[in-house]
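Quick note on numbering: the sequence shown equals residues 527 to 1245 in our numbering.
Yeah, the Cβ is synthetic: ideal placement off N, Cα and C, and Gly gets one too.
Accompanying notes for the structure given below.
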Amino acid sequence: MHAEPGQTFLHYRLIEKIGEGGMGAVWKATDTNLDREVAIKILASDVEENPARLSMFETEAKAVAALSHPNIVTIHSIEEAAGLRFITMELVRGTTLNEVIPSNGLPLKRFYRLAIPISDAISAAHERGVIHGDLKPNNLILGENDTIKILDFGLARFKQPTSAKDPSELTTAPLGLEGRFAGTMAYMSPEQIEGKPVDHRSDIFTLGILFYEMATGQLPFRGESFAELLASILKDAPAPLTVLKGDLPRHLDRVIRRCLEKAPSRRVQTALDLRNEFQLLQRETDPCGIESSPSVAVLPFADLSPEKDQEYFCDGIAEEIINALMRIENLQVASRTSSFRFKRTEMSSRELGDRLGVRNLLEGSVRKAGDKIRISVELVNAADGYQRWAEHYDRELRDIFAIQDEIAQRTVEALEVTLSPKERRAIRQVATTNVQAYDYYLRGRDFFFQYRTRGIEFALQMFSKAIELDPSYALAYAGIADCCSYLYMNVERIDANRMQADAASRKALALDPELAEAHTARGVSLSLDGRHDAAEQSFETAIRLNPKLFDAHYFYARDCYTNGSTEKAIRLYEQASALRPDDYQSLLLVGQIYADLGHEENSRAARLRGVNAAEERLDLNPDDVRALYLGANGLVALGQTDKGLAWAKRAMEIEPNEPMLLYNLACIYSLAGKRDTAVNCLETAIAGGFAHRPWLEKDSNLDALRDDARFQAMIEKIA
């Protein structure tokens, strides 16, 4: 029977045809019983005569009717009249997304406003066992205030997973020839093209194509013909979004391109994860990805010395300037870890500013020869590279402290930040006046940041030499305390290390009671003895003296975790992450605590951010062992076990005998269900000196081993 305007089916009067596809025509109609306008999809006659396509039609109705989400079209009923089958549904007014995407992509603010509800709606569908199968801009309608509705589940596959909260259990049969090419080719996943079984990750790939187009105005895969387009989807890697549109955040580029991985196991794993990523990006940046308050990153200074052997000294100068600027409340300063990630990388000032989330960059170079030093420095606007201030200093080496002080003050003046008297005194504070002691201290810091046993041991020697030259050097005593605490926790749990950490932290405080780093070192030392109340007081004092000191928040959080104060640990880890957004360890640890408390959504979000931060670090330094093994833990916890184990293997190849690494490998293998390998790694770690019993007893990563007699025996052997 042929449908025409004015025709009535049951109590629905057709008004006009508003769309047509392979499954049938969509009409605007009036529901005369309820006096409202609805949309009616009338099944095409050739579809009704085909049992497979008829089943697909009924599947759409059942699938979508099971959903209740503000961004998914509402199905009212499935009916039959006058020999025709039809679905009645909500009439959605507006324009298709295809009509509003400009040639250069949507503004970032609007992108997030649309991408977040789209991801949330598809997540809701996946949780109910529904895979859309035909996402594309023409199936998304924008109404008033950019309210978006997803239409046309005509290729939907419907299978209720055993757990409504676990879309990973959602799998369907191959689409078959009819379904394989019923969708729009440019938005198909590789598994759809190849006729393989699909799961919810097929929609993730299609969302990647959709979001790529929304962000850049271009499709990631192209071809002059049907065959070329399908080959491109199967084989080509899409161009980075930042190549097509330079002002997009790099992290957004990474998230979208992860959706476009050919192998489903390498993609973002759920639409919920995708929504969470977009929400975090939206909150952390303004439309340009830049903090609105005055902000600066101090980049590592270049070593122009004749022998090229002063890198530690150049890094130290930059770090001292960072520390001085961080004492200013109304100035946002990128952390040392954030800025130093980009050492020896070639990036424009705009790209560096975008990656670091700052408006200004302080760059410099150092030429040191004998007792002479030349320092050149400039402050530039990150957006256009325009120089805001520059200076050259040709001085005696003994003037280094005055130079650092002047650079900090001139930077503040150029950024038009008003200092309080307390802040002015703080940035002029000098830890030592002995240049050689300062040199040894900088060498020690350089070794310490390697976070390896030999690096810590060398750092201890350097700090000790600094104290020999300047017995009043409080920061060097704090450095000794940090080294000994690290060795006691992770390498050799002997009284000598614990007692030296205790004595050095006491001495640092006696020399400078207002030094936040000394109070942090004292807090860590006290926690070694289980004196948590006293440790808490030290950490609280450190944070009061320097609210931007990452280590104070981070180690305070670790102490809270081991003594059972999990809610406080979460708060402190979140604060640490806010101070240093690229620190993968604090993100991954807070993700673990959320999982321990059963907050799965928060856990996945934190772990995803942690893994992404580790990946960004590895892009710049592929041999960063710490990023490899901590990132591996996050990957396995997120279900990306193969990739996580590959990272773990790579870390082991680089640093096979490091106790801290071996302990973390034990955690990774325990999470991956490889109990024997995990126990073997743990035994080797403990034999090598790792003996942090409070952490062993608390760490949920090791829960799978707790009923193993070998594990219990290891715990009992540790004092």
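Helix, strand or coil for residue i per DSSP?
{"i": "residue 664", "result": "helix"}
{"i": "residue 734", "result": "helix"}
{"i": "residue 624", "result": "helix"}
{"i": "residue 606", "result": "strand"}
{"i": "residue 614", "result": "strand"}
{"i": "residue 539", "result": "strand"}
{"i": "residue 1067", "result": "helix"}
{"i": "residue 1094", "result": "helix"}
{"i": "residue 492", "result": "This structure cannot speak to residue 492, because the chain is shown only from 527 to 1245."}
{"i": "residue 1141", "result": "helix"}
{"i": "residue 1204", "result": "helix"}
{"i": "residue 529", "result": "coil"}
{"i": "residue 855", "result": "coil"}
{"i": "residue 675", "result": "strand"}
{"i": "residue 1170", "result": "helix"}
{"i": "residue 1215", "result": "coil"}
{"i": "residue 1005", "result": "helix"}
{"i": "residue 1050", "result": "helix"}
{"i": "residue 647", "result": "helix"}
{"i": "residue 534", "result": "strand"}
{"i": "residue 693", "result": "Confidence is the limiting factor: at residue 693 the pLDDT is only 41, short of 50, which leaves the residue's position unreliable and the question unanswerable from this model."}
{"i": "residue 1247", "result": "The question about residue 1247 has no answer, for the chain in this structure spans 527 to 1245."}
{"i": "residue 860", "result": "coil"}
{"i": "residue 1244", "result": "coil"}
{"i": "residue 550", "result": "strand"}
{"i": "residue 1020", "result": "coil"}
{"i": "residue 669", "result": "coil"}
{"i": "residue 599", "result": "coil"}
To the nearest angstrom, how far is the alpha carbon of residue i from that of residue j?
{"i": "residue 1015", "j": "residue 1054", "result": "8 Å"}
{"i": "residue 1265", "j": "residue 746", "result": "Because residue 1265 is not part of the residues shown, which for the chain are 527 to 1245, the question remains open."}
{"i": "residue 896", "j": "residue 1127", "result": "57 Å"}
{"i": "residue 1157", "j": "residue 1013", "result": "23 Å"}
{"i": "residue 786", "j": "residue 1024", "result": "50 Å"}
{"i": "residue 977", "j": "residue 1184", "result": "10 Å"}
{"i": "residue 1123", "j": "residue 654", "result": "25 Å"}
{"i": "residue 591", "j": "residue 779", "result": "35 Å"}
{"i": "residue 665", "j": "residue 581", "result": "21 Å"}
{"i": "residue 1132", "j": "residue 741", "result": "24 Å"}
{"i": "residue 1008", "j": "residue 1035", "result": "13 Å"}
{"i": "residue 987", "j": "residue 944", "result": "40 Å"}
{"i": "residue 624", "j": "residue 668", "result": "10 Å"}
{"i": "residue 1110", "j": "residue 1136", "result": "4 Å"}
{"i": "residue 820", "j": "residue 635", "result": "21 Å"}
{"i": "residue 774", "j": "residue 768", "result": "6 Å"}
{"i": "residue 658", "j": "residue 856", "result": "48 Å"}
{"i": "residue 854", "j": "residue 949", "result": "6 Å"}
{"i": "residue 781", "j": "residue 558", "result": "48 Å"}
{"i": "residue 598", "j": "residue 1042", "result": "53 Å"}
I'd like the list of long-range same chain contacts for residue i, defined as Cβ closer than 6 Å, with 5 residues on each side in sequence excluded.
{"i": "residue 828", "result": "891"}
{"i": "residue 629", "result": "743"}
{"i": "residue 662", "result": "710, 713"}
{"i": "residue 1239", "result": "none"}
{"i": "residue 889", "result": "825, 904"}
{"i": "residue 1191", "result": "1174, 1207"}
{"i": "residue 1081", "result": "1050"}
{"i": "residue 1017", "result": "979, 1185, 1215"}
{"i": "residue 985", "result": "970, 973, 974, 1009"}
By Cβ distance, which residues of its chain are closer than 7 Å to residue i, with the 5 residues on each side in sequence left out?
{"i": "residue 531", "result": "540, 541, 542"}
{"i": "residue 784", "result": "793, 794"}
{"i": "residue 1038", "result": "1000, 1044"}
{"i": "residue 617", "result": "554, 563, 564, 565"}
If I measure Cβ to Cβ from residue i and keep anything under 8 Å in the same chain, skipping five residues before and after, which residues do I get?
{"i": "residue 998", "result": "958, 1037"}
{"i": "residue 1176", "result": "1154"}
{"i": "residue 772", "result": "876, 877"}
Does the beta carbon of residue i come closer than 9 Å to any beta carbon on chain B?
{"i": "residue 916", "result": "Annotation note: the requested chain B is absent from the structure, which comprises a single protein chain."}
Any beta strand (DSSP E) of 3 or more consecutive residues that is wholly inside the stretch 878 to 958
886 to 895, 898 to 907, 913 to 922
Review point. Would you say the stretch 858 to 865 touches the stretch 907 to 919, given that touching needs at least three Cβ pairs under 8 Å?
Key: no
To test your reading of the DSSP string, which unbroken alpha helix (DSSP H) runs of 4 or more residues are found completely within the stretch 813 to 852? 837 to 851
- request: Report yes or no: do the stretch 1069 to 1086 and the stretch 1017 to 1029 share at least 3 C-beta pairs separated by less than 8 Å?
  value: no
Q. Which runs of the alpha helix (DSSP H), 4 residues or longer, sit entirely within the stretch 553 to 582?
A. 571 to 574
Inside the stretch 721 to 783 only - alpha helix (DSSP H) runs reaching at least 4 residues: 726 to 742, 752 to 761, 767 to 770
Practice item. Please specify which runs of the alpha helix (DSSP H), each continuous and at least 4 residues long, are wholly inside the stretch 958 to 988, giving them in chain order. Key: 961 to 974
Requested in this report: Answer yes if the stretch 957 to 971 comes into contact with the stretch 875 to 885, meaning at least three C-beta pairs across the two stretches below 8 Å, and no otherwise.
Outcome: no
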